[in-house]
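Shown next as structure tokens:
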């Protein structure tokens, strides 16, 4: 039976894992390579690294992080942030990543999805999508970009279907409304998109406790759940989350 | 010494890193002669059947894989390198190497399945082959594929996986072993399987 995946997200800035804290800006919370190795030992199924480095001169630091991670962990991982063309994609894949995530750049230039899929295979191309509830949109959700700061004219459901038809192999769906609340994933949009597309959907935003993962992986119909602060400093280990999910009948890979 | 076949089928980096991690001697090569001189061969790949076969035909690497398989030395096919060992693939109706009798079929999206089949899925191996030594039955391995192997003979099946249907996720014929999943991306049990291949 196909297992539900637990994916940990690490935001990386200038080669350090970082976390945005309200009113304080970004705080470094560790070395991404060491953290990746620790989560690998705990039994995480996949990792996502978002490069939030501001300046393009420092892109090389991220490639170095990717190479060092690939030497230590033998599970798939995805890299996103700052990828704007197929040359960027190639350098990340050659460094050892399995997948590339594109978000705002795909909104600005949807052809990047089909170009990436035809060159590297659709399984490599992950569409990252930030959605916010908006009654003016047909599905009730609007796509937002630049970390939620910029609204687009795109309907979330339509965009998910279009990205799939262009060749995206997976969607990471982040609810801007739930993100950072630790009160649970946005089940409604997760279920709507997961049922509409024929590719896996990873739920993101809002995880605060194990019950939230259970809910999104069952009622929310997600194929995988992304977590960050819960494991970075919420006192949870991957093993503890998975033991809970297993006891609730959710199929997860146990070490 | 393991020869890893480089036939431009996607990225060999993860196989290279996994082999380096377990500390085995290997080389990656496009040269049929050099590959034939290896003790063991790994035939990996992420890609598409027809374009892979075109490269294998053009470079002579396809003949090298067939010759190696006939030599009796251990050969491990992974993912597309597993599928290409069969007679035929439904992916763009491609004639393949014909080392293992059978076909490669497409997952039907009519079954309500998400395709590609992507993620960790269990492999029931029942200890039928030493490549699974020390690995629990029903352990989960990492899969990414839209087509699946369907060997002509049940005897070839050494691992079975359920995804809408039951399919052969690991196959073997004499000295040739092949997995539809990616051992190099399947954590510690995947590395264990690669180590087992070295001691076959």
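Residue numbers (my numbering), protein chains in the order written: chain D, 161 to 415; chain C, 264 to 463. Ideal Cβ placement from N, Cα and C applies to all residues, glycine included. Please read these numbers as outputs of a predicted model, since none were measured by experiment.
| Item | Value |
| --- | --- |
| Buried versus exposed, by CB contacts within 10 Å (16 or more), residue 303 of chain C | buried |
| For residue 317 of chain C and residue 352 of chain C, the rounded distance between their alpha carbons | 14 Å |
| Buried or exposed by the 16-neighbour rule on C-beta atoms within 10 Å, applied to residue 359 of chain C | buried |
| Alpha-carbon to alpha-carbon, residue 296 of chain D and residue 229 of chain D | 43 Å |
| CB-CB length for residue 370 of chain C against residue 411 of chain C, believed under 8 Å | 6 Å |
| Beta-carbon gap between residue 383 of chain D and residue 354 of chain D smaller than 9 Å | yes |
| Beta-carbon proximity check, residue 446 of chain C vs residue 408 of chain C, cutoff 9 Å | no |
| Cβ-Cβ distance between residue 420 of chain C and residue 440 of chain C below 9 Å | no |
| Residue interval of the beta strand (DSSP E) (run including residue 302 of chain D) | 301-305 |
| For residue 321 of chain D and residue 442 of chain C, the rounded distance between their alpha carbons | 32 Å |
| Buried versus exposed call for residue 297 of chain C [16 or more other C-beta atoms within 10 Å across all chains shown] | exposed |
| Short Cβ contact (9 Å threshold) for residue 307 of chain C with residue 341 of chain C | yes |
| Contact list for the stretch 241-254 of chain D against chain C, Cβ threshold 8 Å | 253, 254 |
| Residues of its chain near residue 205 of chain D, where Cβ-Cβ distance is below 7 Å and the 5 sequence neighbours each way are ignored | 165, 166, 167, 235, 413 |
| C-beta neighbour in chain D for residue 319 of chain C, strict 9 Å | no |
| For residue 334 of chain D, the residue or residues it bridges with in DSSP | D/290, D/364 |
| Neighbourhood of residue 388 of chain D by C-beta, 8 Å cutoff - its chain only, sequence neighbours within 5 removed | 168, 169, 170, 171, 179, 367 |
| Identity of the residue in D/268, D/267, D/261 nearest residue 282 of chain D by Cα | D/261 |
| C-beta atoms of residue 317 of chain D and residue 267 of chain D nearer than 9 Å | no |
| Strand pairing of residue 188 of chain D, partner residues [DSSP] | D/178 |
| Residue 220 of chain D - containing beta strand (DSSP E), residue span | Looking at the DSSP string, residue 220 of chain D is not in any beta strand (DSSP E); the run it does join, the alpha helix (DSSP H), is 219-232. |
| Among D/273, D/195, D/264, nearest to residue 309 of chain D - alpha-carbon criterion | D/264 |
| Same chain only: Cβ atoms within 8 Å of residue 399 of chain D, ignoring 5 sequence neighbours per side | 202, 203, 415 |
| Status (buried if at least 16 other CB within 10 Å, exposed otherwise) for residue 389 of chain C | exposed |
| Whole runs of the alpha helix (DSSP H) within the stretch 270-308 of chain C, excluding any shorter than 4 residues | 276-285, 295-299 |
| Under the three-state DSSP convention, the category residue 345 of chain C falls into | helix |
| Delimiting residues of the beta strand (DSSP E) encompassing residue 392 of chain D | Where residue 392 of chain D is concerned, there is no enclosing beta strand (DSSP E), although the alpha helix (DSSP H) it sits in stretches over 389-393. |
| Neighbour flag for residue 416 of chain D against chain C, beta carbons, 9 Å | Lying before the first or after the last residue shown, residue 416 of chain D is absent from chain D, which here runs from 161 to 415. |
| Where the alpha helix (DSSP H) through residue 331 of chain C begins and ends | 324-334 |
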